[in-house]
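Residue 403 in the working numbering sits at position 62 of the sequence shown, with consecutive numbering throughout.
Even glycine gets a Cβ: it sits at the ideal position worked out from N, Cα and C.
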Amino acid sequence: MSENEVRRVLLYFEQVVEEHHANLDELENYLELPVVNTEKLEVLLRRLRRTRRELLNGIKIIVDNIENVKDEKLKEEALGLMNYFYIVEFNDEENALKKAMDKDNSLSEIINSDLDMLNKIRSMVVKFIF
342 MSENEVRRVL LYFEQVVEEH HANLDELENY LELPVVNTEK LEVLLRRLRR
392 TRRELLNGIK IIVDNIENVK DEKLKEEALG LMNYFYIVEF NDEENALKKA
442 MDKDNSLSEI INSDLDMLNK IRSMVVKFIF
């Protein structure tokens with residue numbers, strides 16, 4: 342059963358990963374503007390937060406079930422994906438969130454909450470990083 346759950350998450354993750362990456366790219370590009378609009382920034386942060394929650398849910402399933410996965414290829418794919426997020430995507434997201442806070446300090450409370458969620462995900466994943 343747990344192997345099927347991990348397989349299902351990985352199939353679903355293809356779309357979530359693309360959405361997360363697209364949302365992160367859009368935020369990073371927007372933050373390159375000299376002046377940002379708070380409302381537009383909030384919309385971008387909300388989109389990123391939604392996909393981050395979906396990532397969190399999927400990562401929880403992987404973390405809870407990975408030790409019971411017998412299919413080595415499936416296990417390697419799941420661990421590789423978590424490794425990628427830990428090393429690349431989450432660092433990029435953290436940098437973008439900090440830059441967003443620098444651009445618009447009025448959003449610091451929600452951005453700090455986003456950073457806390459990101460750290461929570463990282464702490465779940467760190468034991469599987471190779």
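For residue i, three-class secondary structure by DSSP
i       : result
Val-347 : helix
Leu-386 : helix
Glu-373 : coil
Ile-428 : helix
Val-404 : helix
Ile-452 : helix
Buried/exposed call for residue i, threshold 16 Cβ in 10 Å
i       : result
Asp-457 : exposed
Ile-400 : buried
Val-467 : exposed
Residue i versus residue j - alpha carbon distance
i       : j       : result
Phe-431 : Leu-368 : 14 Å
Val-410 : Val-347 : 8 Å
Glu-418 : Glu-383 : 33 Å
Lys-414 : Asn-460 : 28 Å
Top-ranked residue by Cα proximity to residue i, from the options
i       : options                               : result
Asn-324 : Ile-400, Asn-345, Arg-391 and Asp-455 : This structure cannot speak to residue 324, because the chain is shown only from 342 to 471.
Glu-434 : Leu-351, Leu-372 and Gly-421          : Leu-372
Do the segment 440–451 and the segment 369–388 touch if we need at least three Cβ pairs shorter than 8 Å? In short, these stretches touch, since the Cβ pair count reaches three.
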